[in-house]
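Below: the structure, in structure tokens.
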Amino acid sequence: MGSFIQLIDQASIPFLVWLQGAESAGLTLLMGFLSYLGTEYFFLLFLPLIYWTISKRWGVLTALSLVFSSYVAGFVKWTFNLSRPPSPPVHKLWHETSPSFISGHATTAMAVWGTLAMLVQRTWFWLLATILIFGIGFSRLYLGVHYPGDVVGGWIAGVVVAWAVVAGTPKVERAVRSWSSGRMLAASLGLALILVLIHPRWPDGNLWPAPDAIQLGGLLFGILAGLVWDVKALHFHVAGPWLQRLQRFTLGIILLALFYVLPKMLLDALNIDSYGLLQGVRFLRYALVGFVVSGLAPWLFQRLHLA
């Protein structure tokens with residue numbers, strides 16, 4: 312199958328060159344902004360905004376769609392390990408180092424915005440989601456980092472993930488409702504570790520477990536651990552005046568930034584040589600990030616009477 316995909320990719324290079332014939336500073340800025348909407352930094356702001364201020368349920372399902380779609384994209388990328396469009400003739404306007412097929416931006420855009428569209432169920436939001444999904448996918452072509460097949464493949468994977476999360480999560484919730492906290496946490500950790508262990512190696516350096524799988528596994532465990540705390544004890548509610556929600560979001564983002572930045576600074580300062588130890592610390596770092604969003608920040612909001 313990899314050879315077939317490569318054949319299609321080679322045939323689409325003239326299209327990418329033609330597309331970049333419209334390159335301009337303004338268009339490049341716009342395409343860069345659209346691609347930014349598919350980055351880790353955007354989601355670090357966007358997902359807490361939903362979970363803390365709009366709808367806890369929407370936030371949970373959107374976060375799960377993001378984690379699983381990112382995982383699927385990475386799994387497919389490193390399974391096929393196909394090269395990105397050659398430069399020249401394609402002009403690369405965005406730096407990427409991972410394999411080309413499938414587009415992670417296209418996958419997560421379809422999964423996240425598709426999930427939200429199914430939850431919001433408003434015509435205007437379906438229109439917005441469609442514009443963003445196609446806009447983000449198109450930006451990857453314009454920026455010269457993906458073939459059309461990468462984007463289409465990402466969209467297909469994203470649809471599957473969004474449907475699975477929206478349809479499957481309520482069934483899982485019903486199945487585990489009577490479980491103890493310990494059993495829920497053990498299952499959450501087990502799921503995260505399974506995802507880490509079955510992920511393909513990084514061919515560059517033969518790295519295993521793969522760093523992106525470690526990151527997503529840690530994030531998933533942290534989110535689920537916070538949700539267990541919420542279900543069993545916190546019972547966080549989003550409702551409240553919009554000024555209160557704004558205060559909640561501002562405080563939460565400051566807290567999240569501390570847990571996101573400080574462990575990375577510590578890692579850089581320690582200069583750990585052991586790959587296994589480094590990835591273990593990476594897992595804990597992203598677990599903390601996920602736990603802050605779904606557990607620690609809501610607890611703090613309640614203590615400060617912001618929720």
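For what it's worth, the numbering used here labels the leading residue of the sequence shown as 312, then goes sequentially.
All C-beta atoms in this analysis are idealised placements derived from N, C-alpha and C, irrespective of residue type, glycine included.
- Query: How is residue 513 classed by DSSP in three states: helix, strand or coil?
  - Reply: For residue 513, the secondary structure class from DSSP, reduced to helix, strand or coil, is strand.
- Task: Might you give, ordered along the chain, the residues of its own chain that have their beta carbon closer than 8 Å to the beta carbon of residue 394, omitting 5 neighbours on each side?
- Result: Counting only Cβ-Cβ distances below 8 Å, and skipping sequence neighbours, we find 410 and 411.
- Message: Given this structure, state the Cα-to-Cα distance separating residue 593 from residue 587, to the nearest angstrom.
- Response: So the two alpha carbons sit approximately 10 Å from each other.
- Quick one: residues in its chain with C-beta nearer than 6 Å to the C-beta of residue 418, no 5 flanking neighbours on either side, listed in chain order? Answer for residue 418: 380, 384, 465, 468 and 469, listed in chain order.
- Item | Which of helix, strand or coil DSSP assigns to residue 502 | Here residue 502 sits in helix by DSSP.
- Task: Can you have a look at residue 483 and say buried or exposed, based on whether 16 or more other CB atoms are within 10 angstroms of its CB?
- Result: Result: exposed.
- Query: What's the C-alpha gap between residue 429 and residue 489?
  - Reply: Taking the straight line from one Cα to the other gives about 28 Å.
- Task: For the alpha helix (DSSP H) containing residue 382, list its first residue and its last residue.
- Result: Taken as a continuous stretch (DSSP letters only), the alpha helix (DSSP H) holding residue 382 covers 367 to 391.
- Expressed to the nearest angstrom, what Euclidean distance is found between the alpha-carbon atoms of residue 426 and residue 444? One C-alpha to the other measures close to 12 Å.
- On a CA-only basis, which of 424, 321 and 462 is nearest residue 437? Give me that one, please. Looking from the CA of residue 437, the closest CA among 424, 321 and 462 belongs to 424.
- Message: Would residue 450 and residue 345 be called neighbours here (beta carbons separated by less than 8 Å)?
- Response: Yes. Within cutoff.
- Item | Own chain, CB closer than 6 Å to residue 420, minus 5 neighbours either side, in chain order | Excluding positions up to five away in sequence, the list reads 349, 444 and 447.
- From residue 545 to residue 368, what does the alpha carbon distance come to, in whole angstroms? Rounded to whole angstroms, the separation of the alpha carbons of residue 368 and residue 545 is 15 Å.
- residue 476: buried (16+ other C-beta within 10 angstroms of its C-beta) or exposed? When all chains shown are included, residue 476 counts as buried.
- Query: Given a threshold of 16 other Cβ atoms within 10 Å of its Cβ, counted over all protein chains shown, does residue 601 qualify as buried or as exposed?
  - Reply: By the Cβ-count criterion, residue 601 is buried, with 16 or more other Cβ atoms from all chains shown falling within 10 Å of its own Cβ.
- Query: With a CB to CB cut of under 8 Å and the five nearest residues on each side skipped, what residues in its chain are close to residue 289?
  - Reply: Residue 289 lies beyond the residue range present for the chain, which begins at 312 and ends at 618; the question has no answer from this structure.
- Task: Could you have a look at residue 690 and say whether DSSP puts it in helix, strand or coil?
- Result: With the chain covering 312 to 618 only, the question about residue 690 has no answer from this structure.
- Query: Got a sec, what are the start and stop residues for the alpha helix (DSSP H) residue 590 sits in?
  - Reply: According to the DSSP assignment, residue 590 belongs to the alpha helix (DSSP H) that extends over 586 to 602.
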